[in-house]
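*Asks:*
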Amino acid sequence: MTDQLVRQHIRVILRFEEEHDQRHEDLLKDYEVKGHRIVSGGQTGQDTWDVTDYRTGETIVEGDGGLEGYAKAVEEHGEMWLHIDPITMHLYDIPDPATPGLPESLCEALAMWVRDQASDEDIDQVLGG
């Protein structure tokens with residue numbers, strides 16, 4: 095019974111991750127269709143910073159001058175930029191699914207294993223694929 099529940103929970107986590115990725119992609123596309131450029135970046139050293147295109151990794155602008163230099167560059171160039179962090183942060187507020195019959199700690203450990211450690215081959219082996 096426990097083996098079945100473990101396999102069931104792994105499938106639930108895989109589906110949950112796919113749905114999360116799709117929500118993430120849909121959200122970014124909604125902003126991009128409106129003309130926004132999704133960016134990442136920030137402080138890279140004590141006084142240095144950069145702004146990169148989230149999709150391509152291309153460095154859009156970089157400089158020094160700390161927060162003041164960064165703020166000035168964003169003011170001058172970033173009218174249609176949106177930083178990835180605040181627009182996707184709420185997606186991480188959705189709690190991981192649980193599988194009735196499995197301890198919460200095991201559900202958490204399996205979710206971490208699926209996300210951070212398991213290869214596709216590992217998952218296939220456990221699921222019997």
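Position 47 of the sequence shown, counting from 1, maps to 141 under our numbering, and the rest follow consecutively. Each residue gets a CB set at the ideal place from its N, CA and C atoms; glycine is no exception. On a predicted model such as this, the values are computed, not experimentally measured, just so you know.
1. Excluding five sequence neighbours on each side, which residues of the same chain lie with their C-beta closer than 6 Å to the C-beta of H130?
2. With H114 and L185 assumed to form a contact (beta carbons below 8 Å), what rounded beta-carbon distance in angstroms separates them?
3. Any chance the region 153-166 sits against the region 135-144, with 3 or more Cβ pairs inside 8 Å?
4. Any chance you could list the alpha helix (DSSP H) runs of at least 4 consecutive residues sitting entirely within the region 108-173, in chain order?
5. Quick check: what's the CA-CA separation for I160 versus Q137?
6. Take G135 and list the residues in its own chain whose beta-carbon comes closer than 6 Å to its own, dropping the five residues that flank it on each side.
7. Closest by CA to E126, which one among D214, Y148, G195?
8. I need the DSSP call for L176, collapsed to helix, strand or coil.
9. Would you kindly report the start and end of the unbroken alpha helix (DSSP H) that includes S199?
*Replies:* In brief:
1. In the sequence shown, the residue the question calls residue 130 occupies position 36. Setting aside the 5 residues that flank it on each side, H130 is surrounded in the same chain by M174, L176, each with a C-beta closer than 6 Å to its C-beta; the list follows chain order.
2. The residue given as residue 114 occupies position 20 in the sequence shown. The residue given as residue 185 occupies position 91 in the sequence shown. Between H114 and L185 a beta carbon distance of about 6 Å is seen, short of the 8 Å cut, so the two are scored as contacting.
3. With a cut-off of 8 Å, the region 135-144 and the region 153-166 count as touching, because enough Cβ pairs lie within range.
4. Taking only runs of at least 4 residues, the alpha helix (DSSP H) segments lying wholly in the region 108-173 are 160-171.
5. On the sequence shown, residue 160 is found 66 positions in, with the first residue counted as 1. On the sequence shown, residue 137 is found 43 positions in, with the first residue counted as 1. One detail in the question is off: residue 160 reads as Gly in this sequence, not Ile. Looking at the two C-alpha atoms, the distance is approximately 8 Å.
6. By one-based count along the sequence shown, residue 135 stands at place 41. Here the set comprises D144, V145, T146.
7. Walking along the sequence shown from the start, residue 126 turns up at place 32. Selected option, being the one with the closest Cα: Y148.
8. Your numbering for residue 176 matches position 82 in the sequence shown. In this structure, DSSP gives L176 an extended state, which the three-state scheme calls strand.
9. Looking up residue 199 in the sequence shown gives position 105. Here the alpha helix (DSSP H) through S199 covers 198-206.
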